[in-house]
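Chemist: Note that the sequence shown ends on residue 1123 in this note's numbering; no numbers are left out. Okay, here's the structure, questions in a sec.
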Amino acid sequence: MKAKQVEDRIRQLSTELEEHNHRYHVLADPGISDREYDRLLEELIELEKANPDLRLPDSPSLRVGGEPSSDFPTVEHMTPMLSLDNSYSREDVEAFDARVRGALPDEQIDYVVELKIDGVALSLVYEDSRLIRAVTRGNGVAGDEVTANARTIRSIPLRLRQDGISCEIRGEVYMRNADFDAMNQRQQEQGLPLFANPRNSTAGTLKLQDPKAVARRPLRYFAYWIHDPSASTHMQRMNTLGELGLPVNPATKCCGSLDEVFSFYDTYAAQRPSLGYEIDGVVIKVDNLAQQERLGFTAKSPRSAMAFKFDAEQAQARLLDIRLQVGRTGVIAPVAILEPVFVAGSTVQRATLHNADEIERKDVRIGDLVILEKGGDVIPKVVGVVLDERPADAAAFIFPKRCPACGAETIRPEGETAVRCGNPACIGQLKRRLEHFSGRNAMDIEGLGTAVVEQLVDSGKVKDVGDLYSLDAEVLSSLDRMGDKSATNLVTAIAASCQRRFDRVLFGLGILHVGSTVARTLTRHYPSVEDLMKATPEQLEELDEIGPTIAASVHEFFRTEAAATLLAKLQLAGVQLAGDADESTRGTTDSETSGALAGKTVVLTGSLQVLSRDQAKSLLEQMGAKVVGSVSSKTDLVVAGEKAGSKLKKAQDLEIEVWSEEMLQQKLADAGIGIPAAG
Ligand code: IVH
445 MKAKQVEDRI
455 RQLSTELEEH
465 NHRYHVLADP
475 GISDREYDRL
485 LEELIELEKA
495 NPDLRLPDSP
505 SLRVGGEPSS
515 DFPTVEHMTP
525 MLSLDNSYSR
535 EDVEAFDARV
545 RGALPDEQID
555 YVVELKIDGV
565 ALSLVYEDSR
575 LIRAVTRGNG
585 VAGDEVTANA
595 RTIRSIPLRL
605 RQDGISCEIR
615 GEVYMRNADF
625 DAMNQRQQEQ
635 GLPLFANPRN
645 STAGTLKLQD
655 PKAVARRPLR
665 YFAYWIHDPS
675 ASTHMQRMNT
685 LGELGLPVNP
695 ATKCCGSLDE
705 VFSFYDTYAA
715 QRPSLGYEID
725 GVVIKVDNLA
735 QQERLGFTAK
745 SPRSAMAFKF
755 DAEQAQARLL
765 DIRLQVGRTG
775 VIAPVAILEP
785 VFVAGSTVQR
795 ATLHNADEIE
805 RKDVRIGDLV
815 ILEKGGDVIP
825 KVVGVVLDER
835 PADAAAFIFP
845 KRCPACGAET
855 IRPEGETAVR
865 CGNPACIGQL
875 KRRLEHFSGR
885 NAMDIEGLGT
895 AVVEQLVDSG
905 KVKDVGDLYS
915 LDAEVLSSLD
925 RMGDKSATNL
935 VTAIAASCQR
945 RFDRVLFGLG
955 ILHVGSTVAR
965 TLTRHYPSVE
975 DLMKATPEQL
985 EELDEIGPTI
995 AASVHEFFRT
1005 EAAATLLAKL
1015 QLAGVQLAGD
1025 ADESTRGTTD
1035 SETSGALAGK
1045 TVVLTGSLQV
1055 LSRDQAKSLL
1065 EQMGAKVVGS
1075 VSSKTDLVVA
1085 GEKAGSKLKK
1095 AQDLEIEVWS
1105 EEMLQQKLAD
1115 AGIGIPAAG
């Protein structure tokens, strides 16, 4: 072929492929078979390989993913990406409507209602009709540029269907439930960690550094906004989006009254479980753009729009068993083992039953049909029982008097709901302590997963975390499903953990009430373990954020013989038992200096439903926050769970930003920080 012919063919193939792509992924009306499509794509890739100069900047070959990147540049949005105010009841929506009408007296108000897609917001910038940039929401002002990844999303056009257009488009990246399930199935088959729900895996996928890996993940897009100066209504914007080749959610409706809005809400609340992708409510927007402009914005959201959220999604499933899990501090947590059921975006087989009291209060029995609830959250909970469906022989559950892991008698301290195993040598606790020690925020030992930990403890090879350091490849390779290579890698990973900072080691020891912030405070003031061991509870209490409970716990820990034995082993292994956290973090690009909450002081209050307090704290710290105990004028943010009391009130009085647990989860997802999955 002559150069001109090659050029023409490349052009023709590119246009044709994008056309088929649009038909398949946007219109759901394929024009050719998958095989034919792949054949054309292959031809294009071959031609481009032989003639790299002729490759078009928006070539469909970009869909299979370009070269890996080491970093995502931060890019400022042309206008801030705001969020929506949430409402949870009709009264809230009526109040919103009254505010709108109050601000626009005697005017006709139409609302457009749309589905609120539970995914990740993404801004697309087109220049001369070509996709040149894709940026995540980030903190609203600036986000991560993930263009190469966005180009692999087949429903995002690389070229708009009209020429000469430069504009910004915003919408939501999401994953269909079936795709998500299949993907998790593959993860499971490969022994990889599972994703908690479609939203988390969407957020995580968008932040992968290898676009080829992104191309293999089933991401999709719905557009809901375009900067289009010629439009005078939101509905026109939506039409324009469709004409330009973007996927627009078909459930988009213009309503002349609130009744119509409510009926749209009811319709989709009912359809939600069968829709095929996750939605967490509907969005109500004033249709007329001039009216939108006159309504203006608050600091965070437009006054012309509002999200009307659905209640947490519920499902029913048979309770097959109640398993008791011993945590690293000895708390025995009852876990419901269920017949698999799909709820709120993922298949659920386990749910929390909280504690013995809750089982008794709800009278949950093995064999019952139980009601599960899963909000925007990750770990579902059992909220009740369908009594009519109870099998005749279902017996009340009796919480055992002995630890399921070691057989020691359980204890239940006065005033606590938790039942605990009081045996310091309990192997169940040891297993969880090992997992905690090797966890990401502690020693970060890759390859030391549950299966390995189980075997190491059950075979008696490891009696405390210090024993990890005397394992060799030979011993490890004798474990089930552990090849020579994995064994060597694990030995290397364990050895490498000797370099972790002292505060991470201290956190990893799993001392009751010592999270990573407390560990950092302690090491800052007591830069070696010897100093710390000598500290009296009174001295410890003098430190910021350290109260009598923590002080007593730390003091007691170091008095035990087990601690002395353990520390001797760690010392011998060369684990860092000294060093100031501040000094060693200087000059790093830790989350503390670069996260979404870098340098912010955050207070956690109220009871969290999904995350444990430790988890929430450690996740906030991963975003760079400093988590402290009391609200003051220096507090930047309060994360408030249920039944938050005086701290929330104080935050409101001081006009400090407040997040719900759900907002925290959303922000974590936005920041690409994974929330540990249930079970
Ligand atoms: S409009 C000012 N429409 O919900 C924000 N948002 O806080 C305008 N979302 O971050 C957003 N579906 O990512 C809009 N149909 C929809 C949406 C939608 C999902 C997300 C969006 C935003 C969050 C609201």
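No residue lacks a Cβ here, since even glycine has one placed at the ideal position from N, Cα and C. Since we're looking at a predicted model, the values are computed, not measured.
Ends of the alpha helix (DSSP H) at Phe-786?
Modeler: From DSSP, Phe-786 is part of no alpha helix (DSSP H) but of the beta strand (DSSP E) over 776-787.
Chemist: Leaving out five residues on either side along the sequence, give the residues of the same chain with a beta carbon under 8 Å from the beta carbon of Met-627.
Modeler: So the qualifying residues of the chain are Met-619, Phe-639, Ser-645, Arg-661, Pro-662.
Chemist: If we ignore side chains and look at the alpha-carbon of each, how far apart do Leu-797 and Gly-700 end up?
Modeler: In a straight line, the C-alpha of Leu-797 is about 45 Å away from that of Gly-700.
Chemist: The ligand IVH and Ser-527: does any heavy atom of the ligand fall closer than 8 Å to the residue's C-beta?
Modeler: Yes.
Chemist: In whole angstroms, what is the alpha-carbon distance linking Glu-860 and Ile-776?
Modeler: Looking at the two C-alpha atoms, the distance is approximately 12 Å.
Chemist: Whose CA, out of Leu-1016, Asn-593, Gln-552, lies closest to the CA of Arg-577?
Modeler: Arg-577 has its Cα closest to that of Asn-593, out of Leu-1016, Asn-593, Gln-552.
Chemist: The beta strand (DSSP E) that contains Gly-546, what's its start and end?
Modeler: No beta strand (DSSP E) holds Gly-546; the alpha helix (DSSP H) holding it covers 534-547.
Chemist: Straight-line CA distance for Gly-774 to Gly-1085?
Modeler: Taking the straight line joining both Cα atoms gives about 25 Å.
Chemist: Please report how far the alpha carbon of Lys-446 lies from the alpha carbon of Arg-479, in whole angstroms.
Modeler: Their Cα atoms are separated by approximately 28 Å.
Chemist: Please work out which residues of its chain come closer than 6 Å, Cβ to Cβ, to Lys-907, disregarding the five sequence neighbours upstream and downstream, and give them in chain order.
Modeler: For Lys-907, where only same-chain residues beyond five positions count, there are no Cβ hits under 6 Å.
Chemist: Output the distance between the C-alpha atoms of Asp-672 and Tyr-555, rounded to the nearest integer angstrom.
Modeler: When rounded, the distance between both Cα atoms is 19 Å.
Chemist: With respect to 8 Å, is the separation between the Cβ of Val-727 and the closest non-hydrogen atom of the ligand IVH below this value?
Modeler: It does: the Cβ of Val-727 is within 8 Å (strictly closer) of some heavy atom of the ligand IVH.
Chemist: Check whether the Cβ atoms of Leu-1064 and Leu-1052 sit closer than 9 Å, and answer yes or no.
Modeler: Taking 9 Å as the Cβ cut-off, Leu-1064 and Leu-1052 do not qualify as a contacting pair.
Chemist: Between Gly-740 and the ligand IVH, is the CB less than 8 Å from at least one heavy atom?
Modeler: No, since every heavy atom of the ligand IVH falls outside the 8 Å radius drawn around the Cβ of Gly-740.
Chemist: Taking only the alpha-carbon atoms, compute the straight-line gap between Leu-953 and His-466 and give it to the nearest angstrom.
Modeler: Taking the straight line joining both Cα atoms gives about 54 Å.
Chemist: From the DSSP output, read off the bridge partner residues of Lys-1070.
Modeler: Its beta-bridge partners are Thr-1045.
Chemist: So is the beta-carbon of Tyr-668 under 8 Å away from any non-hydrogen atom of the ligand IVH?
Modeler: The answer is yes for Tyr-668.
Chemist: Return yes when the Cβ of Ala-761 is within less than 9 Å of the Cβ of Val-785, no when it is not.
Modeler: Closer than 9 Å, so yes.
Chemist: Secondary structure at Pro-655, three-state DSSP: helix, strand or coil?
Modeler: If DSSP states are grouped into helix, strand and coil, Pro-655 belongs with the helices.
Chemist: Taking contact to mean 3 or more Cβ pairs, one atom from each stretch, closer than 8 Å, check whether the region 609-619 and the region 463-477 are in contact.
Modeler: Segments in contact, no.
Chemist: Let's see if you can read the secondary structure: which residues bound the alpha helix (DSSP H) around Asp-703?
Modeler: 702-715 is the span of the alpha helix (DSSP H), which, as asked, contains Asp-703.
Chemist: Is it true that the region 715-734 meets the region 577-590, where meeting means three or more beta-carbon pairs spaced less than 8 Å apart?
Modeler: These segments do not touch.
Chemist: Going by alpha carbons, who is nearest to Pro-981 out of Glu-974, Ile-990, Val-973?
Modeler: Nearest option by C-alpha distance: Ile-990.
Chemist: Should the region 501-512 be called in touch with the region 652-659, which here means at least 3 C-beta pairs below 8 Å?
Modeler: The answer is yes - the region 652-659 touches the region 501-512, with three or more Cβ pairs under 8 Å.
Chemist: For Phe-540, which residues of its own chain have a beta-carbon under 8 Å away from its beta-carbon, when the five flanking residues on both sides are left out?
Modeler: Asp-529, Ser-531, Ile-728, Met-750, listed in sequence order.
Chemist: Indicate whether the contact test is met: 3 or more Cβ pairs, each with one atom in the region 963-979 and one in the region 929-948, closer than 8 Å.
Modeler: Yes: the two stretches touch, three or more of their Cβ pairs being nearer than 8 Å.
Chemist: With a threshold of 8 Å, establish whether the CB of Lys-697 neighbours any heavy atom of the ligand IVH.
Modeler: Because no heavy atom of the ligand IVH lies under 8 Å away, the Cβ of Lys-697 does not count as near it: no.
Chemist: Over what stretch of residues does the beta strand (DSSP E) that includes Ile-871 continue unbroken?
Modeler: Not the beta strand (DSSP E): Ile-871 falls in the alpha helix (DSSP H), residues 871-882.
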